[in-house]
Amino acid sequence: MRRSTMLAGLAWLALTTAGCGTAGWYMLSRDDLAARLIARETARQYAYEDRIAALRADIDRYASRALLDQDGVESRVDELASRQAELESRQSLVTALADTLQSSGLMPAPKLPLRAQAIKPGEPIRASGVTSFAPILPGKPMPAPETPSLRGADGTAQGGWQSGEAAAEPPAKRLEAALTTLDSAIARTSDAQLTALKDMDETLAATQKRLRSALADTGLNPERLAAPATAAAGMGGPFVPVKLDASAGPFEATLSALQPRVASVMRLRGAIEQLPLAKPMAGDHGFTSNFGYRTDPFTRGLAMHTGVDFRAESGSAILATAPGKVVVAEYNGGYGNMVEIEHANGLSTRYAHMSAISVSTGQIVKTGTVVGRVGTTGRSTGPHLHYETRINDEPVDPTRFLRAGGKLLASAL
8 MRRSTMLAGL AWLALTTAGC GTAGWYMLSR DDLAARLIAR ETARQYAYED RIAALRADID
68 RYASRALLDQ DGVESRVDEL ASRQAELESR QSLVTALADT LQSSGLMPAP KLPLRAQAIK
128 PGEPIRASGV TSFAPILPGK PMPAPETPSL RGADGTAQGG WQSGEAAAEP PAKRLEAALT
188 TLDSAIARTS DAQLTALKDM DETLAATQKR LRSALADTGL NPERLAAPAT AAAGMGGPFV
248 PVKLDASAGP FEATLSALQP RVASVMRLRG AIEQLPLAKP MAGDHGFTSN FGYRTDPFTR
308 GLAMHTGVDF RAESGSAILA TAPGKVVVAE YNGGYGNMVE IEHANGLSTR YAHMSAISVS
368 TGQIVKTGTV VGRVGTTGRS TGPHLHYETR INDEPVDPTR FLRAGGKLLA SAL
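Using our numbering, you'd call the opening residue of the sequence shown number 8 and step up by one each time.
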């Protein structure tokens, strides 16, 4: 065998051996790489499944917490609904009281809060558009769904699990903010109602003091004056008193203390409206003769003047100074043409020396009704009005009543 042939065979054998070794190494290393790839994918799968399990546990926990929070929110909503219903009941009392005082002219209408809007459970939360003194109660919160869709599952999300977008405020915080706002609005309304009652009480106290002062000028006892029972037409029904517990709170205590003052002022106001406090003639007219002892203009001797004489031109209108019933409307000796009006509480007024009588016996007149015209009939030296005020047919000084009426008029301006 040639030497060259031997070397070629040895070279082929070496190449064959190297190729087989390389092929064996490649096969062995490929199996190890596949094993590592399989192990890595398995680990990723386990991590993903663990993550999914953790997310499901969080969802379950949040759902349980939502159910617990729902019970708390429902209790709070029920409490706020009860308070709002109580506010509406109080509002009706405050409004009715204010309307009564305003219609009686005792005080202007106070600025009261609007009526509460009815609560509608299940209505969605409104961030704006509040039209009453309190926002609408939100609907009851619902628990989170059991299988929420993963973010990016629909292929629309970008950037994986953390997109960098600002997180929206959680619904629980929005719900808490809405309930807190409602609670604050109810508290403010309650304070406003209490303030309105206190303002009414202060106004009525001042009115009561003013009326009593005016009555003191007349010399009459306010406790003995009876106001006529008058009511607007078309009203009635059974009497159902409102029961108030003064110890229940400041609102009830204030309203309980306000009721007797309202009754007292209404009674005083009704009694005063029946007293002859108005002027018997429009404009300013001085006295030519006062009530009491004087020198008689005819005999020049001492005499008792049972009224006051107003200086006035002949034909001037003479007005009724209080509502009442005409009991005399005729010529009456020294009084000349005279009108006598009978008022409440035993009071009566006389208007004498008239040139003309404008009313008739039995006629019901109001304050300011024209009863006649100034003249000089009867025992008179010239045109003037002789005006008398009597209590149980006994003459009293009319200026007491005129002074009280002037004081009330000045305080009302």
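Idealized CB from N, CA, C, for every residue including glycine.
Which two residues bound the contiguous beta strand (DSSP E) that contains residue i?
i           : result
residue 402 : 401–403
residue 366 : Premise fails: residue 366 is in no beta strand (DSSP E) and is neither H nor E.
residue 292 : First-last for residue 292: undefined, no H or E at that position.
residue 302 : 299–302
residue 306 : It is not in any beta strand (DSSP E) - residue 306 carries neither H nor E in the DSSP assignment.
residue 395 : 391–398
residue 337 : 331–338
residue 380 : 377–381
residue 228 : Run containing residue 228: none; DSSP gives neither H nor E here.
What are the boundary residues of the alpha helix (DSSP H) that includes residue i?
i           : result
residue 264 : 257–280
Which whole-angstrom value describes the C-beta separation of residue i and residue j, a residue pair presumed to lie in contact below a C-beta threshold of 8 Å?
i           : j           : result
residue 190 : residue 62  : Contact flag wrong, Cβ pair sits at about 35 Å.
residue 285 : residue 336 : Not confirmed; about 19 Å, so no contact.
residue 358 : residue 287 : 6 Å
residue 103 : residue 415 : Contact flag wrong, Cβ pair sits at about 26 Å.
residue 403 : residue 326 : Not quite, the Cβ-Cβ distance comes to about 20 Å (not below 8 Å), so this is no contact.
residue 258 : residue 204 : 7 Å
Assign residue i to one of two classes, buried (16 or more other C-beta atoms within 10 Å of its C-beta) or exposed (fewer than that).
i           : result
residue 166 : With a pLDDT of only 45 at residue 166, under 50, the local geometry of the prediction cannot be trusted, and the value read off the model is given with reservation. With fewer than 16 other Cβ atoms within 10 Å, it is exposed.
residue 342 : buried
residue 98  : buried
residue 10  : exposed
residue 67  : exposed
residue 230 : exposed
residue 26  : exposed
residue 47  : exposed
residue 395 : buried
residue 323 : buried
residue 289 : exposed
residue 321 : exposed
residue 17  : exposed
residue 207 : buried
residue 158 : Residue placement at residue 158 cannot be trusted, given a pLDDT of 45 that sits under 50; what the coordinates show is reported in the next sentence. With fewer than 16 other Cβ atoms within 10 Å, it is exposed.
residue 388 : exposed
residue 52  : exposed
What is the DSSP secondary structure of residue i, reduced to helix, strand or coil?
i           : result
residue 414 : helix
residue 9   : coil
residue 86  : helix
residue 311 : strand
residue 137 : With a pLDDT of 33 at residue 137, under the threshold of 50, the predicted position of this residue should be treated as unreliable, and no value is reported.
residue 220 : helix
residue 16  : helix
residue 125 : At residue 125 the pLDDT is 38, less than 50, meaning the model places this residue with poor confidence and gives no usable figure here.
residue 95  : helix
residue 110 : helix
residue 359 : strand
residue 62  : helix
residue 320 : coil
residue 22  : helix
residue 386 : coil
residue 31  : helix
residue 423 : Because the chain is modelled from 8 through 420, residue 423 falls outside the range shown and cannot be assessed.
residue 326 : strand
residue 354 : strand
(Q) When you compare the region 361–375 with the region 258–265, are there three or more beta-carbon pairs, one atom per stretch, that lie closer than 8 Å? (A) Short answer: they don't touch.
Q | Contact between the region 338–346 and the region 357–365 (3+ Cβ pairs under 8 Å) | A | yes
Q | Any 3 or more C-beta pairs closer than 8 Å across the region 349–358 and the region 290–303 | A | no
Q) Below 8 Å, can you find three or more Cβ-Cβ pairs linking the region 380–396 to the region 198–205? A) Because the criterion of three Cβ pairs below 8 Å is not met, the region 380–396 and the region 198–205 do not touch.
Q.
For the pair the region 92–112 and the region 267–281, tell me if three or more CB-CB distances fall below 8 Å.
A. yes
Q. With contact counted as at least three CB pairs below 8 Å, one residue from each stretch, are the region 310–323 and the region 397–414 in contact?
A. yes
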